[in-house]
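Engineer: Just so we're aligned: 15 in numbering that gives the first Met the number 0 is position 16 of the sequence shown, and the numbers increase by one with no gaps anywhere.
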Amino acid sequence: MTREVGITTTVPVEILLAAGCKPVDLNNRFITHADPAGLVREAEELGMARTLCAWIKGIYAWALANPQMETVIAVTQGDCSNTHALMELLALAGRRVIPFDFPYGRDPQAIADQLTRLARALGTTVDQAEEVRQGLAGLRADLACLDEMTWREGKVSGGENHLWLVSSSDFDGDPDEFHGRLKDFLAQARERPPRPKAKARLGVLGVPTIMSDLHQCLEALGAEVVYNEIPRQFAMLPTGNGDDESLVEQYRRYTYPYDVFHRMEDIKEQIALRGLDGLVHYTQSFCFRQMQDLVLREGLKLPMLTLEGDRVGPVDARTRLRLEAFVDVLR
Ligand code: SF4
0 MTREVGITTT VPVEILLAAG CKPVDLNNRF ITHADPAGLV REAEELGMAR
50 TLCAWIKGIY AWALANPQME TVIAVTQGDC SNTHALMELL ALAGRRVIPF
100 DFPYGRDPQA IADQLTRLAR ALGTTVDQAE EVRQGLAGLR ADLACLDEMT
150 WREGKVSGGE NHLWLVSSSD FDGDPDEFHG RLKDFLAQAR ERPPRPKAKA
200 RLGVLGVPTI MSDLHQCLEA LGAEVVYNEI PRQFAMLPTG NGDDESLVEQ
250 YRRYTYPYDV FHRMEDIKEQ IALRGLDGLV HYTQSFCFRQ MQDLVLREGL
300 KLPMLTLEGD RVGPVDARTR LRLEAFVDVL R
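(1) Is any heavy atom of the ligand SF4 found at a distance shorter than 7 Å from the C-beta of Asn-65?
(2) Can you check whether the CB of Val-4 is closer than 8 Å to the CB of Lys-21?
(3) Return the first residue and the last residue of the beta strand (DSSP E) that Phe-285 is part of.
(4) In whole angstroms, what is the alpha-carbon distance linking Asn-26 and Gly-308?
(5) To the nearest angstrom, how far is it from the Cα of Arg-94 to the Cα of Ala-48?
(6) Any heavy atom of the ligand SF4 closer than 7 Å to the Cβ of Asp-24?
(7) Report the residue from Thr-8, Leu-63 and Arg-2 whose alpha carbon sits nearest the alpha carbon of Tyr-253.
(8) With DSSP as the reference, label Gly-93 as helix, strand or coil.
(9) In this structure, how does DSSP classify Met-47 when only helix, strand and coil are distinguished?
(10) Under a three-way DSSP split, which group does Pro-237 fall into?
(11) Measure from the alpha carbon of Ile-44 to the alpha carbon of each residue in Ala-33, Lys-56, Cys-52 and Pro-35, then state which is nearest.
(12) Taking 7 Å as the line, does the beta carbon of Thr-1 fall inside it for any heavy atom of the ligand SF4?
(13) Helix, strand or coil for Ile-209, going by three-state DSSP, please let me know.
(14) Answer yes or no: the CB of Trp-163 versus the heavy atoms of the ligand SF4, is any distance below 7 Å?
(15) Taking only heavy atoms of the ligand SF4 into account, decide whether any of them is closer than 7 Å to the Cβ of Gln-283.
(16) I need the residues with a C-beta less than 6 Å from some heavy atom of the ligand SF4; please give them in chain order.
(17) Taking the alpha-carbon positions, what's the Glu-248 to Phe-29 distance?
(18) Over what stretch of residues does the beta strand (DSSP E) that includes Leu-201 continue unbroken?
(19) Cα separation between Lys-267 and Leu-15?
(20) Does the beta-carbon distance from Trp-61 to His-32 come in below 8 Å?
(21) Along the chain, which unbroken stretches of the beta strand (DSSP E) at least 3 residues long are found entirely within the region 66-135?
(22) Does DSSP classify Lys-21 as helix, strand or coil?
(23) Should Gln-67 go down as buried or exposed, given a rule of 16 or more other Cβ atoms within 10 Å for buried?
(24) Between which residues of its own chain and Asp-169 is the CB-CB distance below 7 Å, once the five residues before and five after are set aside?
(25) State the Cα-Cα distance for the pair Arg-231 and Ala-90, rounded to the nearest angstrom.
(26) Can you tell me where the alpha helix (DSSP H) with Val-326 in it begins and where it stops?
(27) Can Val-326 and Leu-220 be called in contact, C-beta distance under 8 Å?
(28) Can the beta-carbon of Arg-251 be found closer than 8 Å to that of Val-225?
(29) Tell whether a beta-carbon distance below 8 Å holds between Gln-127 and Ala-17.
(30) Going by the CB atoms, is the gap between Arg-317 and Leu-304 shorter than 8 Å?
(31) Which of the three DSSP states, helix, strand or coil, is assigned to Val-311?
(32) Taking DSSP as the reference, what is the three-state secondary structure of Val-279?
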């Protein structure tokens, strides 16, 4: 039986695949569960505090309910301290926990050492993972195509873009099947007429939203989301300049687990490329990344609305009003 390996954020999935494991992004399993709010409630009944990030609670309850996932990768640098404590709870529940770091400073040798450690722990090698990386090139190129069809051609909606890119952290556990579905989707999307011009072109920054219909809500207000910052990072799209990077370079270019300044350079490039009018910065209640809002506001010279989400569910009436006012101002 294929070993399922849980991940709580994007990690070098090529290594998991080279080891013959099935990657399972716990965030994706939680948020696409039939009753994600029920999972959060279950975790609270087990004793998790009300004042704790809902993503942590949801993935904890999902992991407990799925004991076939015996191993979990713990990102001990580059992710939050809540995840560290979550790993301790999962170790207590009998799971094997394998540590992985994204070294602060993005030193290539330090990243290479981490890749080697992870490969060894899973029973494979970095060379084998490099072969998997090359095998995924076509899939990642098609994800880049999907992204272009969002911001350049207007044939893929911001919500669809978010869903495909965010799912690429684990390719729903099966890259071949995922790629097949993606090709079908792209073929259908190519036949669509381009969307009419929107009142405002927006980028959504920050951790993936726990609100189930943020993109749809913005679209209903006449705006279009043409940039999903972190989901795009998860997808590890090709550079576009024809370079064949190594795994080290790919995970060095990835912005999410490193400092906010590296992240901001990438955002600035995309603002210019995509001709954005404004930004929505999504933050999660009780998340340390909320503090980075100050840096982003200081460094990005574009109107920005900061939203805070806590519970799973649709956009509430107050948030909808704030979004409406923001889109009207941009128009
Ligand atoms: S949203 Fe923030 S606090 Fe919650 S799991 Fe992600 S990084 Fe941690």
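Built from N, CA and C at the ideal position, the CB exists for glycine as well.
Note that the structure is predicted; figures quoted are calculated from it, not measured.
Structural biologist: With the given structure in hand:
(1) no
(2) yes
(3) From DSSP, Phe-285 is part of no beta strand (DSSP E); its letter is neither H nor E.
(4) 15 Å
(5) 22 Å
(6) No, the Cβ of Asp-24 stays beyond 7 Å of every heavy atom of the ligand SF4.
(7) Thr-8
(8) coil
(9) Three-state DSSP puts Met-47 in coil, outside helix and strand.
(10) Residue state, collapsed to three classes: coil.
(11) Note that residue 44 is Glu in the sequence shown here, rather than Ile. Among Ala-33, Lys-56, Cys-52 and Pro-35, the Cα nearest to that of Glu-44 is on Lys-56.
(12) Not under cutoff, so the answer is no.
(13) The DSSP-derived three-state label of Ile-209 is coil.
(14) No, the ligand SF4 has no heavy atom inside 7 Å of this Cβ.
(15) yes
(16) Going by the Cβ distance cut-off, the answer is Cys-52, Trp-54, Ile-55, Cys-79, Asn-81, Thr-82, Val-206, Gln-283, Cys-286 and Arg-288.
(17) 30 Å
(18) 199-204
(19) 32 Å
(20) yes
(21) 70-76 and 95-100
(22) Three-state result, Lys-21: strand.
(23) exposed
(24) Ile-6, Val-12, Pro-22, Val-23, Asp-24 and Asn-27
(25) 31 Å
(26) 316-329
(27) yes
(28) no
(29) A distance below 8 Å separates the beta carbons of Gln-127 and Ala-17.
(30) no
(31) coil
(32) strand
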